[in-house]
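Engineer:
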Amino acid sequence: MALNIKENEELSLHTTFKAGGEVLFFIEAFSKEDLIEAVSFAQKKDLEIVALGGGSNTLFKDGLHNRVVIKVSIPGIEEKEVGENVEIKAGSGVSWDKLVSFSTKKNLWGLENLSSIPGSVGGACVQNIGAYGAELKDTLKEVFVFDLKNKNFTTLQKEECEYGYRESIFKNKKGYLILEATFLLKKNPSPKIEYKDLQKFFLPAGRQVKDLVPQTSEEVREAVISIRAKKFPSLKDYGTAGSYFKNPIVDMATYERLLKEYPDMPAHESEGEMKLSTAWILDKVLNLKGYSEGQISLWKDQPLVVVNDGSKSSEEIILFTEKIKKIVFDKLKINLEEEVIII
Ligand code: EPU
Numbered sequence: 004m005a006l007n008i009k010e011n012e013e014l015s016l017h018t019t020f021k022a023g024g025e026v027l028f029f030i031e032a033f034s035k036e037d038l039i040e041a042v043s044f045a046q047k048k049d050l051e052i053v054a055l056g057g058g059s060n061t062l063f064k065d066g067l068h069n070r071v072v073i074k075v076s077i078p079g080i081e082e083k084e085v086g087e088n089v090e091i092k093a094g095s096g097v098s099w100d101k102l103v104s105f106s107t108k109k110n111l112w113g114l115e116n117l118s119s120i121p122g123s124v125g126g127a128c129v130q131n132i133g134a135y136g137a138e139l140k141d142t143l144k145e146v147f148v149f150d151l152k153n154k155n156f157t158t159l160q161k162e163e164c165e166y167g168y169r170e171s172i173f174k175n176k177k178g179y180l181i182l183e184a185t186f187l188l189k190k191n192p193s194p195k196i197e198y199k200d201l202q203k204f205f206l207p208a209g210r211q212v213k214d215l216v217p218q219t220s221e222e223v224r225e226a227v228i229s230i231r232a233k234k235f236p237s238l239k240d241y242g243t244a245g246s247y248f249k250n251p252i253v254d255m256a257t258y259e260r261l262l263k264e265y266p267d268m269p270a271h272e273s274e275g276e277m278k279l280s281t282a283w284i285l286d287k288v289l290n291l292k293g294y295s296e297g298q299i300s301l302w303k304d305q306p307l308v309v310v311n312d313g314s315k316s317s318e319e320i321i322l323f324t325e326k327i328k329k330i331v332f333d334k335l336k337i338n339l340e341e342e343v344i345i346i
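In this note's numbering, the protein residues as written are 4 to 346.
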């Protein structure tokens with residue numbers, strides 16, 4: 004089928020922030036062949052390619068983008084038994100949560116803590132999504148990509164993807180379009196419920212640990228869905244990309260300076276440095292939970308989440324978040340970084 008190339012496409016239709024300008028060309032690729040055609044179209048026009056998945060972690064600036072957005076919508080999920088494990092291969096256009104649900108229906112373990120996260124499998128690989136003590140890189144095996152520089156298809160092993168906290172080779176270098184990702188999941192029960200919110204869910208005060216350990220990955224999935232439903236705004240009603248900022252990672256000296264002033268401040272060690280909690284800082288130090296300006300606000304139940312209630316302008320969102328960053332810096336002398344990709 005011939006490619007459907009849209010011109011001057013409104014980007015607010017393709018991101019969960021529901022804001023931003025237009026792009027000169029917008030192409031959705033459903034197959035390897037589509038992808039090759041879309042790439043050669045962009046290269047002939049000498050235009051920069053921007054890959055898009057579910058659009059749940061991207062904020063496009065206002066105005067006309069002189070680029071080609073390629074929305075990668077490769078479908079399909081396949082599974083293969085490998086001894087004690089099962090390999091699941093998914094097209095990058097598969098909805099992330101559909102993949103998680105597919106795995107928990109078969110009682111496979113490894114993805115259940117990442118339930119209810121919006122976006123596509125491809126986007127999840129770019130972002131190294133994480134929640135409730137699990138990260139994508141814990142179960143990922145390899146990623147099948149198109150290399151834009153060498154113009155060929157290739158497989159990158161997990162170790163080659165340069166994964167870090169919400170970081171990857173795909174986020175930093177932008178030289179690859181992701182087509183498929185393969186995950187290695189366990190058949191043997193391996194619940195990971197150490198994260199505070201999950202402990203509380205499975206171990207209410209006075210109950211016995213042994214009675215409450217989840218028996219199926221579906222149980223953990225349901226717990227995560229119910230925890231998230233209480234904290235995150237619905238994507239149907241609001242424009243949002245989940246956590247807007249990362250949790251800052253600071254050196255020990257900075258941590259100790261802050262701890263003197265805020266003895267209750269939560270933090271976790273991360274490779275010799277300390278990861279702080281942006282949500283806690285915004286809430287407990289700055290009292291900014293629910294803070295709003297115009298149609299933009301910090302979500303009332305989780306201030307790390309920036310919410311757009313109807314604005315089409317990403318400028319409004321950017322000005323708002325720059326102001327939040329300044330308030331944090333003025334008070335604590337630490338820099339917040341965006342988790343969201345701004346283009
Ligand atoms: N907190 C407050 N007030 C609040 C909410 C939280 O003080 O209103 C404090 C709590 O004390 C809690 C701490 O902040 O101990 C951390 O909060 P939470 O457990 O909700 O997690 P988070 O660190 O704010 C991260 C991820 C989320 C992920 C959750 C759950 C980042 C940037 N965010 O948030 O990921 O769902 O953990 O694991 O790492 C996303 O990336 O889009 C995302 C939503």
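All C-beta atoms in this analysis are idealised placements derived from N, C-alpha and C, irrespective of residue type, glycine included. Bear in mind the structure is a predicted one, so any value in this text is a computation, not a measurement.
1. Nearest by alpha-carbon distance to N290: which of G297, L301 and E296 is it?
2. Indicate, with yes or no, if the ligand EPU has a heavy atom lying under 6 angstroms from the CB of K249.
3. Report whether the distance from the Cβ of K287 to the nearest heavy atom of the ligand FMN is below 6 angstroms.
4. Measuring only the C-alpha atoms, how far is E165 from M277?
5. Which residue from V310, D254 and F248 puts its Cα closest to that of W283?
6. Mind checking whether N60 and Q130 have CB atoms under 7 angstroms apart?
7. Output needed for S229: all residues of its chain with C-beta closer than 8 angstroms, excluding positions within five of it in sequence on either side, in chain order.
8. Near L182, which residues of its chain fall below 6 angstroms by C-beta distance, leaving aside the five closest residues on each side in sequence?
9. In the DSSP assignment, what residue or residues form a beta bridge with R260?
10. Please state the DSSP three-state secondary structure of E12.
11. Can you name, in chain order, every residue of its own chain whose Cβ lies under 7 angstroms from the Cβ of S246, other than the five neighbours on each side?
12. Taking buried to mean at least 16 other C-beta atoms within 10 Å of its own C-beta, is N7 buried or exposed?
13. So, helix, strand or coil for I196, using DSSP?
14. Going by beta carbon distance, what residues of the same chain come within less than 6 angstroms of A127, once the five residues before and after it are set aside?
15. With DSSP collapsed to three states, give me the class of A5.
16. Which whole-angstrom value is the C-beta distance of N311 and I299, which I expect to be below 8 angstroms?
17. Relative to the ligand EPU, is the shortest distance from any of its heavy atoms to the C-beta of W302 smaller than 6 angstroms?
18. Could you tell me the boundaries of the alpha helix (DSSP H) in which E341 lies?
19. So, do the stretch 21-39 and the stretch 62-78 have three or more beta carbon pairs nearer to each other than 8 angstroms?
20. Would I132 pass as a contact of F105 if the rule is Cβ separation under 7 angstroms?
21. Among residues of its own chain, excluding the 5 on either side of S119, which ones have a beta-carbon nearer than 7 angstroms to its beta-carbon?
22. Given this structure, state the Cα-to-Cα distance separating E197 from G136, to the nearest angstrom.
23. Leaving out five residues on either side along the sequence, give the residues of the same chain with a beta carbon under 8 angstroms from the beta carbon of L111.
24. How many angstroms separate the CA atom of E163 from the CA atom of E296?
Structural biologist: Reading from the atomic positions:
1. For the purposes of this step, residue 290 is taken as residue 287 along the sequence shown, with counting starting at 1. The option with the nearest alpha carbon to N290 is L301.
2. The residue you call residue 249 lines up with position 246 of the sequence shown. K249 Cβ: within cutoff of the ligand EPU.
3. In the structure on display, the ligand FMN does not appear, and the ligands it does have are the ligand EPU.
4. Position 162 of the sequence shown, counted from the start, is the residue given in the question as residue 165. Position 274 of the sequence shown, counted from the start, is the residue given in the question as residue 277. Distance between E165 and M277, taken at the CA atoms: about 21 angstroms.
5. Position 280 of the sequence shown, counted from the start, is the residue given in the question as residue 283. Of V310, D254 and F248, the smallest CA-CA separation from W283 is found for F248.
6. Start at 1 with the first residue of the sequence shown, and residue 60 comes out as number 57. Start at 1 with the first residue of the sequence shown, and residue 130 comes out as number 127. Yes, the Cβ-Cβ distance between N60 and Q130 is below 7 angstroms.
7. Within the sequence shown, residue 229 is the residue found at index 226, counting from 1. Excluding positions up to five away in sequence, the list reads F204.
8. The residue you call residue 182 lines up with position 179 of the sequence shown. Only I77, S95 and F147 meet the Cβ criterion.
9. The residue given as residue 260 occupies position 257 in the sequence shown. Its beta-bridge partners do not exist; DSSP assigns none.
10. Locating residue 12 in the sequence shown gives position 9, where the first residue counts as 1. In the structure shown, E12 sits in a strand (DSSP, three-state: E or B).
11. Residue numbering aside, residue 246 sits at position 243 when the sequence shown is read from its first letter. Correct list, in chain order: L307, V308 and E342.
12. Position 4 of the sequence shown, counting from 1, holds the residue named residue 7. So N7 counts as exposed.
13. Here residue 196 corresponds to residue number 193 of the sequence shown, with the count starting at 1. It is coil, neither helix nor strand.
14. For the purposes of this step, residue 127 is taken as the residue at position 124 of the sequence shown. Same-chain partners within the cutoff: W99 and L139.
15. Position 2 of the sequence shown, counting from 1, holds the residue named residue 5. Here A5 sits in coil by DSSP.
16. Taking the first residue of the sequence shown as position 1, residue 311 is located at position 308. Taking the first residue of the sequence shown as position 1, residue 299 is located at position 296. Distance from N311 to I299 at the Cβ level is roughly 6 angstroms; contact confirmed, criterion being Cβ atoms closer than 8 angstroms.
17. Looking up residue 302 in the sequence shown gives position 299. No, the ligand EPU has no heavy atom inside 6 angstroms of this Cβ.
18. Walking along the sequence shown from the start, residue 341 turns up at place 338. That residue, E341, is in no alpha helix (DSSP H); it is neither H nor E in DSSP.
19. yes
20. Along the sequence shown, one-based indexing puts residue 132 at 129. Along the sequence shown, one-based indexing puts residue 105 at 102. No, Cβ-Cβ distance for I132 and F105 is not below 7 angstroms.
21. Here residue 119 is taken as the residue at index 116 of the sequence shown, counted from 1. Spatial neighbours of S119 in its own chain (CB-CB distance under 7 angstroms, excluding positions within 5 residues in sequence) are listed in chain order as D100, V227, I228 and R231.
22. In the sequence shown, counting from the first residue as 1, residue 197 sits at position 194. In the sequence shown, counting from the first residue as 1, residue 136 sits at position 133. Taking the straight line joining both Cα atoms gives about 7 angstroms.
23. Here residue 111 corresponds to residue number 108 of the sequence shown, with the count starting at 1. Same-chain partners within the cutoff: V89, I91, L188, K189, K190 and S220.
24. Within the sequence shown, numbered from 1, the residue matching residue 163 stands at position 160. Within the sequence shown, numbered from 1, the residue matching residue 296 stands at position 293. If I take the Cα positions, the gap works out to 42 angstroms.
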